[in-house]
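Input: a single structure, listed below in structure tokens.
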Amino acid sequence: MRPCDLEKKREIIFHALPAGQAERARILLVGLEGLDVMVGADVCRLHVRYHICEYTLEGLETALSSQGFHLDNSLLNKLRRALAYYCESVQRRNVAANEPDIKSQQAFMRAYERHLHGDRDETPEEWRGYK
């Protein structure tokens with residue numbers, strides 16, 4: 000996966016009423032670090048750019064909805080949203096899966112040390128340093 004695949008450019012589409020939601024949302028989101036926000040050509044659209052390790056479209060839209068913003072709930076936009084949510088969640092899980100899990104590696108190392116596999120040196124500790 001290329002690093003640029005993790006940078007997303009998405010569009011948040013608001014319901015036409017109440018008017019001015021996109022601008023109010025832009026003012027609210029513009030202060031967040033790592034999030035680029037612009038009002039689209041249509042006054043009901045907001046363009047956002049972010050890295051999925053920091054933000055998700057689902058998280059942004061959920062936060063906006065909890066603040067009283069009304070998203071466009073037409074069938075097409077619901078489908079687009081659901082697809083974006085799914086793709087981003089899979090990518091986030093894949094990125095997390097690629098990170099080394101130190102704790103599980105240590106657990107396997109301990110299990111390997113205790114396993115009788117014939118690679119043990121049966122020499123007593125006091126004899127090992129004797130020269």
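First residue of the sequence shown: 0, per numbering that gives the first Met the number 0; consecutive thereafter.
All C-beta atoms, glycine included, are put in the ideal place defined by N, C-alpha and C.
As assigned by DSSP and simplified to three states, the class of residue i
| i | result |
| --- | --- |
| V47 | strand |
| E121 | coil |
| V36 | strand |
| E6 | strand |
| Y54 | coil |
| M0 | Confidence at M0 is low in this model, with a pLDDT of 44, below 50, so its placement is unreliable and no value can be given for it. |
| L82 | helix |
| A18 | coil |
Reference residue i, options the options, closest by Cα
| i | options | result |
| --- | --- | --- |
| H50 | L31, L75, S64 | L31 |
| T55 | E124, L34, R127 | L34 |
| G39 | Q20, E121, E57, C52 | Q20 |
| C52 | N93, E121, E10 | N93 |
| D4 | D41, E121, E124, R48 | R48 |
Distance between residue j and residue i (C-alpha atoms, nearest Å)
| i | j | result |
| --- | --- | --- |
| M0 | L70 | Because the pLDDT of M0 is 44, which lies under 50, any placement of that residue in the model is unreliable, and the question is left without a value. |
| Y84 | R23 | 23 Å |
| R79 | H46 | 15 Å |
| A81 | R91 | 15 Å |
| C43 | E6 | 23 Å |
| S88 | S64 | 19 Å |
| A95 | C86 | 14 Å |
| S73 | I26 | 25 Å |
| G58 | A18 | 23 Å |
DSSP beta-bridge partners of residue i
| i | result |
| --- | --- |
| L70 | F13 |
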